[in-house]
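Trainee:
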Amino acid sequence: MQRQIYAYRCRECGTLHYPFRMRCKECGNLEVFEFDAEPLPNKGTLVTFTHVHNLPAEYEVARLSIGAVELDGGVRVMGQLDIDEPKMGMPVRGSVEVVRREAYERYWGFVFRAA
Amino acid sequence: MRDVYVAGIGITSFGRLEYPLAEIAAYPAMMAMKDAGLTAVEQLYVANMGGGRLSHQTGLASAVVDTLSLTPAGAETIENGPASGASAIKQGYLAVASGMHDVVLVTGAERMREVNNLDATDFIATLTHPLAEYIYGVTLPAHAAMFTRLYMDKYGVTERHLAMVAVKNQNQALANEFAHLQQPITIEGILDSPEAMTNNPYVAEPLRFFDCCPVSDGGACVLLVSEEVAASVDRPRVRLAGVGQATDTHAVIERDDPTELTAVRLAAEKSLAMAGRDASTVDVAELHDAFTILEIAQSEEVGFFAKGEGHLALEKGETGLGGSMPINVSGGLKGKGHPVGATGIAQAHEIVTQLRHEAGDRQVEQATTGLTCNFGGFGNNVLCLTFTRES
Amino acid sequence: MPVDLEKILRPVDHDLPAYPAKWVTLASGDSMVIRQVGRDDIPTLLEHVEPLLHVERDYYDIVAARVYAELLAYYRHRVQDEYVLVAQIEGELAAIVNGRQVRPGLGMSLHTLALRRGLRIGAHAFAAKMEYHIDILGHDEVLIVAESPIGFRRWMIEYQLEDRFDTPHELGGVPSYALTRDLFERARAKLVVGRRPVPPELLATAAAAILPPADPPTPPADLLAATRAQYDPTGTALMSLRRLPKEVEHA
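Chains as they are written, first to last, in the numbering used here: chain X, 574 to 688; chain A, 57 to 447; chain E, 993 to 1243.
#1: For the beta strand (DSSP E) containing X:I639, name the first residue and the last one.
#2: Within 10 angstroms of the Cβ of X:K660, are there 16 or more other Cβ atoms? Answer buried if so, exposed if not.
#3: Quick one: list the residues of chain A neighbouring E:V1016, beta-carbon separation under 9 Å, in chain order.
#4: Output the distance between the C-alpha atoms of A:N136 and E:I1142, rounded to the nearest integer angstrom.
#5: Between X:C624 and chain E, is the shortest Cβ-Cβ distance under 9 Å, so that the two count as touching?
#6: Would A:A260 pass as a contact of X:T623 if the rule is Cβ separation under 9 Å?
#7: How is X:E585 classed by DSSP in three states: helix, strand or coil?
#8: Identify the contact partners of E:Q1152 in chain X, using a Cβ-Cβ distance below 7 Å as the criterion.
#9: Do three or more CB pairs link the stretch 293-304 of chain A to the stretch 634-647 of chain X at distances below 8 Å?
#10: Name the one or two DSSP bridge partners that E:Y1169 has.
#11: Does the stretch 211-221 of chain A come within contact of the stretch 195-202 of chain A, defined as at least 3 CB pairs closer than 8 Å?
#12: Can you give me the Cβ contacts of A:A323 inside the same chain, cut-off strictly under 8 Å, excluding the 5 residues immediately before and after it?
#13: Taking E:I1149 as the query, report the chain X residues whose CB atoms sit under 9 Å from its CB, ordered along the chain.
#14: Short of 6 Å in beta carbon distance, which residues of its chain neighbour A:V60, apart from the five on each side in sequence? Order them along the chain.
#15: Among all the DSSP beta bridges, which residues are the ones paired with A:I65?
#16: What are the residues of the stretch 578-600 of chain X that lie near chain A, defined by any Cβ-Cβ distance shorter than 8 Å?
#17: Nearest by alpha-carbon distance to A:G433: which of A:E374, A:H344, A:P270, A:E284 is it?
#18: Rounded to whole angstroms, what's the CA-CA distance from A:A142 to A:I401? Just pull it up for me.
#19: Using a beta-carbon distance below 9 Å, is A:G433 in contact with chain X?
#20: Run through DSSP, which three-state label would A:N437 get?
#21: With which residues is A:C268 paired in a DSSP beta bridge?
#22: So, using beta-carbon positions, are A:A63 and A:V285 closer together than 9 Å?
#23: Comparing the C-beta of E:K1121 with each C-beta of chain A, is any distance below 9 Å?
#24: Answer yes if the stretch 69-88 of chain A comes into contact with the stretch 588-604 of chain X, meaning at least three C-beta pairs across the two stretches below 8 Å, and no otherwise.
#25: Spell out whether any CB of chain C is found under 9 Å from the CB atom of A:G212.
#26: Would A:E325 be called buried (16 or more neighbouring beta carbons within 10 Å of its own) or exposed?
#27: Would you call X:N677 buried or exposed, if buried means 16 or more other Cβ atoms sit within 10 Å of its Cβ?
#28: Applying the 10 Å Cβ sphere with the 16-neighbour rule, what's the burial state of A:D267?
#29: Residues bridged to A:Y101 by DSSP?
#30: Taking 8 Å as the cut-off, does the CB of E:R1109 come closer than this to any heavy atom belonging to the ligand NAD?
#31: At which residue ranges does the stretch 997-1075 of chain E contain complete beta strand (DSSP E) runs of 3 or more residues, listed in the order of the chain?
#32: Keeping to the same chain, check which residues put their C-beta closer than 8 Å to that of E:I1060; ignore five residues upstream and five downstream.
#33: How big is the Cα-Cα spacing for E:E998 and E:V1078?
#34: Identify, in the order they occur along the chain, each residue of the same chain with its Cβ nearer than 6 Å to the Cβ of E:Q1222, setting aside the five sequence neighbours on each side.
#35: Quick check on this structure: which residue in X:M651, X:E675, X:V671 has the alpha carbon closest to the alpha carbon of X:K616?
#36: Pull the bridge partners of A:N430 from the DSSP assignment, please.
Now the structure itself:
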């Protein structure tokens, strides 16, 4: 199954939101849940990144690369990077994978690789 | 609205405190009451972020009011992340300004060293957006690092500038007996020596160990009073003249320009306007340098320097003691320490000490106007407070 | 005959190459010398380790107790092929690290005890120990375990040490991890730092005396004590009183 991450398009004014918010920040629509979920594109460019060395205790890796990506269409998201030497502005392609485990819980999110 | 004055202040040492959380909050409160010579407290606000999680204690205000034998005064715990301290001061301001109370005790405390540094970092990371940030392993150092990289790219800030902030603030802490770090550092040791990468390893590239504030225990208190009560207190008169607050998107990367800290700019504008001042009239400032880059960025957003020029002012020494705009002469969060719930109040404590002209070796000459910036989340929720010395 | 019995009890040390002293510049700008010490220096070290037996926090008590025993065993010839390195700042003892050779080609790291905090002294001392095992003693790998979560995070995860779970470590018999030559080479830039030779005057100061740590870790406060303020390390109460003008106290 192809997993995807959804953004939320306001039914009133068409503004796309990510992450979810209850009320449209553009038109201020007060109708509850007046959004259509739509999958985020998986291609974009790397805006900024870091390699984190002091990780929360449950991570069993020495460092974790995290970046912010501007997806095609303009929505920006965070994700983990599987890129040896990231560069700002480089094109990347994301897929949805397990990004964190806590005991028996698994959390899915974007992992970006060089496109 | 009535004018609000700071009649008394108190603070604990920052570092590792091995007494209960409620006492870390109560101890500076005792000092503040003694300082002002006032005990007729009608209301307490207790700023704390992690009592429930780090110290296994909730309802902290109830414990503090009783520890101080101030029952049946009103008491609330205020949690607003790392901006809890300034938020509690804002509540105290409202209580006095509205006329509801004449004497309000605002105290803050945090006990973070009960857990190890990694757990403390994870605890702070719970401030981030749970779905869009936290799950990826985004920590506050990670946010600051990604912000730093953008800032370096756009404005030419370098690791050397960051190291200069670290050295300035950590060494300034040596003049502050309450500061957590009492260990001088040098540019050579953290940046230039062949061993610098081991002395000062990356925490989240390009931020290094000495770019980050320590994890501290600590408490601080200000006693806020009405004008009539202030008139009966024989201490230099310092007025809480401006309170400004602004919020921004929870997910940091959603902001239109991720190199701007809009909430800082708006909070400072509101605070200074309320006090009838502008940034050029500020004599001394305590900014929220949880990471060295934040001092540079905030010094621009609050209006001391043009956007992108904070690091140039730093190079010229303008932000040091004796410079044209001294910032974090207490050592800042970087040198003094960052017990999250208490930090906003500790910043106010320093400014009041400066405006009373009682700061000793770190006194900014003739200071009459001071500004604090207490930065919650990664700029999600920011308060700026303006204090003025009244003759 | 007692002499003969001592011959049985006393292990024969191999003739191992000595650790060449080096020096590093710390974040504070201070110069720190890392050098090997011999049996003659052990009584002085024991004096400085002993107070830490009672520091029941951050694993200082267990680490100090074990280091004390290891140093004593070395001093009294009851352990084979142990070595002890010390880190000193202007003579003052900043860290002790020790280990031993299990057999040619295989080393075992014992302890890293930092007596001054906030300057990454433990990281420097641990790195020197790894350098000694791999580069100087020519070991192919070093067996390592941690007693504290922070130690585990720092060594096992940061260097991605390999499992040697079939080999119990001499520290408590727990499963070992290993820093292999290959892992060492990959982390060489981080592990092998410092300069040689040590300037003669710096080395002379270090060799002249191993001075006690000025600000060693101290035991936690007694939480049952009636007055907690006395444990505030800078004595906030006293300072606040000092600052107050007299008349205010009577207001």
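We put the CB at the ideal spot given by N, CA and C, even for glycine.
Mentor: Taking the coordinates as given:
#1: 637-644
#2: exposed
#3: S249, P250, E251, T254, N255
#4: 29 Å
#5: Before going further, note that residue 624 of chain X is His rather than Cys in the sequence given. Closer than 9 Å: no.
#6: yes
#7: coil
#8: A635
#9: no
#10: E:I1136, E:D1155
#11: no
#12: G300, Q301, A302, C429, V438, L439, C440
#13: L628, Y632, E633, V634, A635
#14: Y149, V152, A153, L280, L296
#15: A:V278
#16: Y591, P592, F593
#17: A:H344
#18: 6 Å
#19: no
#20: strand
#21: A:F347
#22: yes
#23: no
#24: no
#25: No chain C appears in this structure, whose protein chains are X, A and E.
#26: buried
#27: It is Tyr, not Asn, that sits at residue 677 of chain X in the sequence shown. Looking at its Cβ environment, which holds fewer than 16 other Cβ atoms inside 10 Å, X:Y677 is exposed.
#28: buried
#29: A:E132, A:V162
#30: Absence of the ligand NAD is noted for the structure shown, with no ligands found whatsoever.
#31: 1014-1017, 1023-1029
#32: The sequence given here places Tyr at residue 1060 of chain E; Ile does not occur at that position. L1038, V1041, E1042, L1045, listed in sequence order.
#33: 29 Å
#34: Confidence in E:Q1222 is poor, its pLDDT being 44 and thus under 50, which makes the residue's placement unreliable; the coordinate value appears in the next sentence. Cβ neighbours of E:Q1222 beyond the five flanking positions: none.
#35: X:M651
#36: A:L439
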